[in-house]
Structures are given as C-alpha cells and as structure tokens.
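Residue numbers (the working numbering): 409 to 867. A virtual CB, placed ideally from N, CA and C, is assigned to each residue, including glycine. Bear in mind the structure is a predicted one, so any value in this text is a computation, not a measurement. Heads up: the structure comes next, in structure tokens.
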Ligand code: SAH
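Following this line, the structure appears as structure tokens:
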C-alpha cells in the first residue's frame with residue numbers, strides 16, 4: 409500500500425475551522441480527516457494557521473490570526489500565559505473549562521474503559537485564581553541580577569519577565585520575590601544548567617492559609633550557602649509568617665528539583681495546615697495537595713462516598729501523609745493506611761498522634777504487595793479507598809481489592825485515562841460504577857481530579 413501523504417507541508421499557511429479539542433486544551437481542525445492541532449484555539453473558531461510540524465498522521469500548527477471567535481473565549485489575564493507551559497486553559501471562560509473537563513472524563517471512560525456513564529458536573533472553585541499553596545520556581549540571572557520565572561514551554565529557558573504567578577497564592581509570590589532580592593543583594597549566584605556551575609537552583613515556598621505559616625526551601629547545587637545568617641535574619645525579621653527555612657542540596661545534573669540532603673536552617677522542619685479541624689504537619693518533601701480549598705471538597709466527597717457509620721474497617725491505599733485516612737478515621741471503626749515513602753508514613757503517624765486519632769494505623773510498602781498479603785491473610789475490609797499517582801493502580805492491587813470483596817470502593821484519581829483502565833478491571837470483578845465526580849483541583853490547567861464510587865454487584 410502506498411504510504412499516505414500528509415496534505416500539508418511545513419511553513420504552509422492554511423485556513424482551518426476547529427471541530428474539537430484535545431484533553432490538553434488544543435484545538436483540532438481536520439483536512440479531509442487529517443488532524444491539525446493548534447494551541448490557543450477553540451472548537452467552532454476559524455483561523456489562519458501556519459503549519460510548524462508535519463507527521464504522517466497529524467500536523468501541528470501555530471495560530472496566526474483568528475477569524476471567528478468563540479463566545480467563551482476570554483483574554484488570558486496572565487502576562488506570560490503564551491510563553492509559560494504551566495497553564496493551558498486561560499483563554500477560555502471558567503464555565504467552559506469545567507464543561508471541557510467533564511467531557512474529558514466522560515470520553516476517557518467511554519473510549520478507554522468502554523464505560524457509559526454520565527459524570528456529575530465538575531465541581532469548580534468560586535474564585536479559580538491564586539489557589540496554589542506551593543510554588544517551586546527556578547532561578548536564573550540576567551544582566552548580573554537574579555531572576556525567577558518558570559521555564560518557557562518545551563524549553564529550559566527561564567521566563568525572565570515573570571514577576572508573579574496568578575494561580576499561586578499572593579503570599580507565595582511575595583516570599584519568592586523576597587528570597588530572590590535578598591539573595592541577589594548578598595551576591596548569591598544562580599545555578600547554570602549548561603555549565604553546571606553557580607549555586608541557587610530553585611526557591612520552593614509552601615504556605616498555609618489556615619495557620620498563616622510559611623516554609624521556604626532554598627535549593628542549591630553546593631553544600632555551601634554563603635551569608636546564611638544574613639539571609640535568615642533579613643527574611644525572618646521582615647516576614648513573621650515564615651516558620652521554617654530549609655536548605656536542600658541538589659548536586660546532580662537533573663530535572664528533579666530537590667536532592668537527597670535537607671537541613672533546617674531556621675525554625676521548625678515542618679509547618680502546619682488545618683483542614684476540617686484536623687492538623688497536618690507538612691515537611692519539605694511531603695506530598696500535600698496544592699489546592700487546599702478543593703482538597704477539602706475532594707475529601708468530603710470521598711468521605712460521603714465511603715458511606716461510613718462508625719462500624720467500618722477501611723483501607724486507604726497510597727495514603728501519603730495520611731490526609732484521607734485521618735479524614736475517614738473520624739467516621740470509621742478503623743483505618744489502615746499504606747504508602748511507599750517511609751518519610752510520608754512517619755508524617756502520617758505523627759499526624760495521627762497530633763490529632764489524638766487512635767483508630768488509624770500506617771504501613772510502609774508497595775500498596776500492591778501489602779494489599780496482596782492482607783488479602784491472602786483473609787483481611788476483609790468494608791471499604792477500600794485508593795488515591796494512586798498518575799500511572800494508576802497496579803494490577804495486583806486491583807486483583808487483591810476484588811478478592812477482599814469490600815462493599816464499596818472509592819477511587820480518587822488525578823488521571824482520567826488510567827482511571828478508565830482500572831475501573832474497567834474492577835467492573836469485570838463485579839463492581840458497578842455508581843457515581844463519578846470530577847473536581848477541579850487545578851483551574852486554568854488541563855488537569856482534572858475525580859472521585860468515583862463503586863459498589864459490589866448482587867450484594
Ligand atoms: N492520598 C494522599 C496522597 C496521594 S498521592 C493525599 O491525598 O495526600 C499518591 C501517593 O502514592 C504518593 O504519596 C506516593 O508516594 C504514593 N505511591 C506511589 N506508588 C505507590 C505504591 N506502589 N504503593 C504505595 N504508595 C505509592
């Protein structure tokens with residue numbers, strides 16, 4: 409068979425009408441069935457497009473001029489939206505973002521899991537800006553001055569005109585600026601990726617709105633951090649919200665932000681956040697959800713779907729620092745949390761103690777191994793909650809869940825495609841899907857979180 413030929417060439421200008429949108433928020437237009445993907449365009453719009461990449465089965469174009477404009481298109485409020493890769497949906501109204509995420513979930517369930525279900529409408533935020541409680545920003549320099557800014561899309565070049573990030577909290581923006589200015593005045597150099605020289609790599613800031621506490625993590629290539637005392641003095645004297653200043657050393661040529669070694673330069677090595685009356689101690693490397701308001705919404709849904717009366721035994725797999733476990737413990741007989749990172753389990757135990765919660769136990773291990781052992785040992789929990797990373801659950805874990813035969817499974821997911829794959833397996837194992845609730849944890853970006861309730865068929 410003759411090799412199909414792409415109907416466009418690189419650098420060609422075409423007029424294109426967009427029919428659809430990818431889950432990443434790019435418009436899709438078709439030329440006799442051949443798809444062309446273009447950033448910053450919406451379904452129904454018509455535009456002049458320049459082809460920038462041609463492949464056998466698709467092409468990528470660049471928006472040159474819009475001709476028909478979608479009524480839900482808005483001016484992106486961020487000055488560096490087009491440069492930065494962080495947000496993808498700022499050019500559409502918030503209502504459109506929520507609808508699009510609903511469609512993403514429904515499409516994934518249908519196409520990947522062959523599951524026909526109408527998810528609930530996406531739960532959005534009242535104010536979908538300034539929601540991030542954590543920022544990790546790379547440091548560079550321009551004309552001898554330190555600059556901070558995210559990387560430009562698909563590159564490792566820093567946006568040096570960025571003075572704020574409007575999805576991160578105001579306090580975090582202010583803290584980044586303060587550290588940058590003080591470090592600059594003290595002559596601390598920025599790290600240069602190419603030559604692997606210089607010191608300051610990233611400034612990481614985490615703040616709690618409920619306790620007004622901030623942790624700053626200064627990530628350097630070198631063990632040495634000059635003028636430490638002055639840096640600490642200037643920061644802590646000016647900003648009483650700072651409760652912890654940590655130093656992380658990352659000597660490696662890597663994209664991973666933090667290295668192995670973390671020491672406390674000043675204050676405590678954790679800060680507190682409070683959610684629904686539960687206090688959480690969070691350390692520099694702990695996984696903690698970045699959108700606190702929506703986390704509460706998400707966990708409340710998980711708790712509602714768990715349907716606890718106080719008599720149930722519950723497993724919380726992939727429990728992190730025990731956030732969901734402790735939420736559930738208030739309404740359950742006993743909760744068993746399992747997580748692979750030992751430090752997170754240390755935090756989980758500390759958090760249980762801090763809140764005087766005595767009906768939660770935590771175990772370190774691969775959830776798939778621990779759950780298989782539990783299942784083989786005859787453990788039969790009433791409810792299982794899982795909240796895996798983007799790659800979803802291991803098959804051994806899905807099998808052991810089915811064998812443990814709980815009344816309900818609550819699946820919390822940050823990736824609709826692996827969710828769809830896993831739900832299909834659980835469905836085969838006689839669990840029906842009762843409810844799918846998308847929650848918008850990351851407004852302005854294409855990410856969507858879900859809580860799903862499943863129950864055993866023919867109880
Ligand atoms: N439920 C927690 C954390 C969810 S993030 C919260 O809401 O805060 C997913 C967690 O799964 C991370 O803490 C990660 O360390 C952990 N994890 C990843 N792979 C794992 C595995 N195979 N077994 C157990 N935990 C794992």
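query = Beta-carbon separation of residue 727 and residue 787 under 9 angstroms?
reply = no
Among the candidates 824, 823 and 836, whose CA atom is the shortest distance from the CA of residue 811? 836
Open item on the list: Please list the terminal residues of the continuous alpha helix (DSSP H) segment that includes residue 669.
Closed with: Counting along the chain, residue 669 falls outside any alpha helix (DSSP H), though it belongs to the beta strand (DSSP E) covering 669-675.
Local Cβ density within 10 Å of residue 421, reported as buried at 16 or more and exposed below that: exposed
Which residues bound the beta strand (DSSP E) around residue 725? 721-725
Review point. Taking 8 angstroms as the cut-off, is the CB of residue 802 close to at least one heavy atom of the ligand SAH?
Key: Yes - the ligand SAH has a heavy atom lying nearer than 8 angstroms to the Cβ of residue 802.
- Query: From which residue to which residue does the alpha helix (DSSP H) around residue 510 run?
  - Reply: 502-519
> Can you name the residues that DSSP bridges to residue 492?
Replying inline: 560
Three or more C-beta pairs under 8 angstroms: does that hold for the segment 487-495 against the segment 465-479? no
The ligand SAH heavy atom lying under 8 angstroms from the CB of residue 732:
yes
Measuring only from the beta carbon, is residue 860 closer than 8 angstroms to any heavy atom that is part of the ligand SAH? no
Next on the checklist: Between 744, 751 and 781, which has its C-alpha nearest residue 765's C-alpha?
Outcome noted: 744
Which of the three DSSP states is assigned to residue 700 in this structure?
helix
Requested in this report: Measure how close the beta-carbons of residue 530 and residue 846 come, nearest whole angstrom, since I'm counting them as under 8 angstroms.
Outcome: 4 angstroms
Point to revise | residue 658 to residue 549 span [Cα, whole Å] | key: 19 angstroms
- Going by beta carbon distance, what residues of the same chain come within less than 8 angstroms of residue 832, once the five residues before and after it are set aside? Excluding residues within five positions, the ones whose Cβ falls inside 8 angstroms are 520, 521, 522 and 523.
Distance check for residue 572 and residue 416, CA to CA, integer angstroms please. Each residue's Cα considered, the two are about 39 angstroms apart.
| field | residue 593 versus residue 553: straight-line alpha-carbon distance, rounded | value | 9 angstroms
Residue 644 to residue 556, Cα distance in whole Å?
Distance from the CA of residue 644 to the CA of residue 556, rounded to the nearest whole angstrom, comes to 21 angstroms.
Original post:
Is the number of C-beta pairs between the segment 613-624 and the segment 573-586 that are closer than 8 angstroms three or more?
Top reply: yes
* Give the single residue among 502, 802 and 842 whose Cα lies nearest to the Cα of residue 817. => 842
Between residue 443 and residue 466, which are expected to be in contact by the criterion C-beta below 8 angstroms, what is the C-beta distance as a whole number of angstroms?
About 5 angstroms; that satisfies the 8 angstroms criterion.
inquiry  = According to DSSP, simplified to helix, strand and coil, what is residue 657?
reply    = strand
Query raised in the report: Out of curiosity, what's the CA-to-CA distance linking residue 434 and residue 735?
Result: 37 angstroms
Span separating the alpha-carbon of residue 479 from that of residue 639:
So the alpha carbons of these two residues sit roughly 50 angstroms apart.
Nearest residue (CA-CA) to residue 717, options 703, 731 and 740: 740
task = Assign residue 629 to one of two classes, buried (16 or more other C-beta atoms within 10 Å of its C-beta) or exposed (fewer than that).
result = Result: buried.
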